[in-house]
Ligand code: IPE
Ligand code: IPE
Ligand code: MG
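Residue numbers (this note's numbering): 1 to 245.
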């Protein structure tokens, strides 16, 4: 069997259109240093900046980062409070940091449980960047894949009752249109850091044909170089979507 030659350098003409990242390992990063988990989360927020910049520079069109899952509410209250403080700060900074960049910021997830201050800041940054085009930065905050599917099904049932669509029109496309990711293409590459190999309720519908990449690096240590390694690995894969090559 002919083995195709492995690429060793990043092909900038074949950058995945949509990269999704499960930023995991902040807590362990801090615990290893005998620091509080909060310090890990703060370091994690810095790592986000570097990766967002790099994604922008190399031409990623959609970057989705998992910041807080629907299940993360089960953490100790102090940790949740600290995380919410960091998200608010991040969203406030995002407003300024993206002002000279062509980045549209969107936040997907449930607004339930979020403070008014965060909700207002979400609206502000989304509105301010709505016309930006080069890159979409999608922050999954209070997001759960199952919850996303449920809310899409509810919308579909509503639309059937209102006569907007008929039962025979229940298709993948119609459901997809009602997900929180409606006009965002499915991720091509999903990166999870910290060595865990699970989806943890992230984009479960959207990742049906996504390429998964697991890195042992803890999120605060995840740098540009590791990001490139993940993309290079992706570029050496063969996607078949159920067909044959
Ligand atoms: C990811 O790091 C950040 C969030 C889930 C909010 P963790 O906090 O899950 O870090 P570990 O997995 O405990 O190391
Ligand atoms: C997934 O990480 C959620 C985020 C990175 C925001 P978790 O650390 O919450 O996932 P589990 O609990 O290890 O599956
Ligand atoms: Mg974790």
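Don't be surprised by glycine CBs; every beta carbon is placed ideally from N, CA and C.
Bridge partner(s) assigned by DSSP for residue i
i, result
"residue 105", "137"
"residue 282", "A question about residue 282 goes unanswered here, because the residues of the chain that appear run from 1 up to 245."
"residue 64", "20, 138"
"residue 115", "Answer is none; residue 115 lacks a bridge partner."
"residue 69", "143"
8 Å Cβ shell around residue i - same chain, five flanking residues per side excluded
i, result
"residue 10", "58, 228, 231, 232, 235"
"residue 165", "156, 159, 174"
"residue 80", "72, 73"
Beta-carbon contacts of residue i that lie in its chain and below 7 Å, excluding the five residues immediately before and after
i, result
"residue 216", "195"
"residue 17", "61, 62, 185, 188"
"residue 95", "124, 125, 128"
"residue 84", "115, 118"
"residue 41", "26, 82, 83, 86"
"residue 52", "63, 137"
"residue 201", "69, 70, 71, 144, 145, 146"
"residue 54", "224, 227"
"residue 245", "238"
C-alpha gap between residue i and residue j, whole angstroms
i, j, result
"residue 145", "residue 205", "7 Å"
"residue 174", "residue 158", "13 Å"
"residue 38", "residue 116", "22 Å"
"residue 214", "residue 193", "6 Å"
"residue 135", "residue 169", "32 Å"
"residue 162", "residue 73", "35 Å"
"residue 218", "residue 22", "11 Å"
"residue 248", "residue 105", "This structure cannot settle anything about residue 248, because the visible part of the chain is limited to 1 through 245."
"residue 148", "residue 112", "13 Å"
"residue 130", "residue 239", "32 Å"
"residue 8", "residue 199", "28 Å"
"residue 65", "residue 139", "5 Å"
"residue 183", "residue 171", "16 Å"
"residue 154", "residue 43", "38 Å"
"residue 30", "residue 36", "6 Å"
Check: residue i C-beta below 8 Å from any heavy atom of ligand 2
i, result
"residue 233", "no"
"residue 37", "no"
"residue 215", "no"
"residue 22", "yes"
"residue 67", "yes"
Nearest-angstrom beta carbon gap, residue j and residue i [assumed within contact, 8 Å]
i, j, result
"residue 143", "residue 108", "6 Å"
"residue 50", "residue 223", "6 Å"
"residue 132", "residue 103", "5 Å"
Close Cβ partners of residue i (< 6 Å) along its chain, the five nearest in sequence each way excluded
i, result
"residue 91", "121, 125"
"residue 210", "187, 190"
"residue 28", "218"
"residue 19", "60, 63, 189"
"residue 177", "none"
"residue 180", "108, 148"
"residue 47", "219, 220, 222"
"residue 6", "236"
Closer than 9 Å to chain C by CB, residue i
i, result
"residue 52", "Annotation note: the requested chain C is absent from the structure, which comprises a single protein chain."
Residue i: CB within 8 Å of a non-hydrogen atom of ligand 1
i, result
"residue 29", "yes"
"residue 219", "yes"
Residue i: CB within 8 Å of a non-hydrogen atom of ligand 3
i, result
"residue 25", "yes"
"residue 196", "yes"
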